[in-house]
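Quick notes on the structure that follows.
In the working numbering, the protein residues as written are 42 to 247.
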């Protein structure tokens, strides 16, 4: 009874959940459409119409990025923000930080895929983002971690639900993977090119 009363009086931030859920559907639709188109290009090569921006080599990372980061990433943001609020019976610790993670993530995906179509890529499968987008993602992820942990600290429950431990593990593991996989030295502040700090086999293994 007390649980129901507390849940009824708590004003959760569902707006951020809805925005991420909507963008997950948008990116998912665009990503799968891109995947269907490049599959058709394999069977009918003339479908690239000799336009560099829509050739298989440029649209393939667009497809994978939109599905993995756009669709999958946005879905994970939406579900984690929903679950941490409901299981903690507490509103997200900071609305502006949560909104920053939304816009930071969507802009990172958008800038990344537009860059791919223009030939701007690191050339690493599933890690094609140029260095400046990597930085945007890192900053966004730091705020994501802060919002999640600060919300857990505000919980009105005595224990942390196991689902939140899994989400926290996902946040930390992804941060480690992203940072160490994308360590590179930019050629210049206004240059899209960067060189990995790893070389040869080590670069391929990381």
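In this text, a Cβ means the ideal position worked out from N, Cα and C, and glycines have one as well. Just so we're clear, the structure is a prediction, and the values are computed from it rather than from any experiment.
Buried/exposed call for residue i, threshold 16 Cβ in 10 Å
i	result
residue 86	exposed
residue 99	buried
residue 59	exposed
residue 223	buried
residue 238	exposed
residue 250	No statement about residue 250 is possible, as the shown extent of the chain runs from 42 to 247 and does not include it.
residue 160	exposed
residue 84	exposed
residue 228	exposed
residue 178	buried
residue 147	buried
residue 240	exposed
residue 79	buried
residue 197	exposed
residue 170	buried
residue 231	exposed
Inter-residue Cα distance where the pair is residue i and residue j
i	j	result
residue 210	residue 68	25 Å
residue 94	residue 138	35 Å
residue 57	residue 136	8 Å
residue 55	residue 207	21 Å
residue 32	residue 145	No statement about residue 32 is possible, as the shown extent of the chain runs from 42 to 247 and does not include it.
residue 221	residue 234	18 Å
residue 163	residue 112	21 Å
residue 194	residue 63	28 Å
Per DSSP, cross-strand counterpart(s) of residue i
i	result
residue 236	226
8 Å Cβ cutoff met for residue i and residue j
i	j	result
residue 96	residue 167	no
residue 149	residue 174	yes
residue 192	residue 131	yes
residue 65	residue 119	yes
residue 225	residue 182	no
residue 190	residue 142	no
residue 103	residue 75	yes
residue 154	residue 205	no
residue 217	residue 185	no
residue 53	residue 128	no
Near the ligand PLP: residue i beta-carbon under 7 Å from a heavy atom
i	result
residue 221	The ligand PLP is absent from the structure shown, which contains no ligand whatsoever.
is_contact[residue i, chain C] using C-beta, thresh 8 Å
i	result
residue 98	This model lacks chain C altogether; it includes just one protein chain.
List, from N- to C-terminal side, the beta strand (DSSP E) runs of 3 residues or more that fit wholly inside the region 169-197.
None, since the region 169-197 contains no complete beta strand (DSSP E) of that length.
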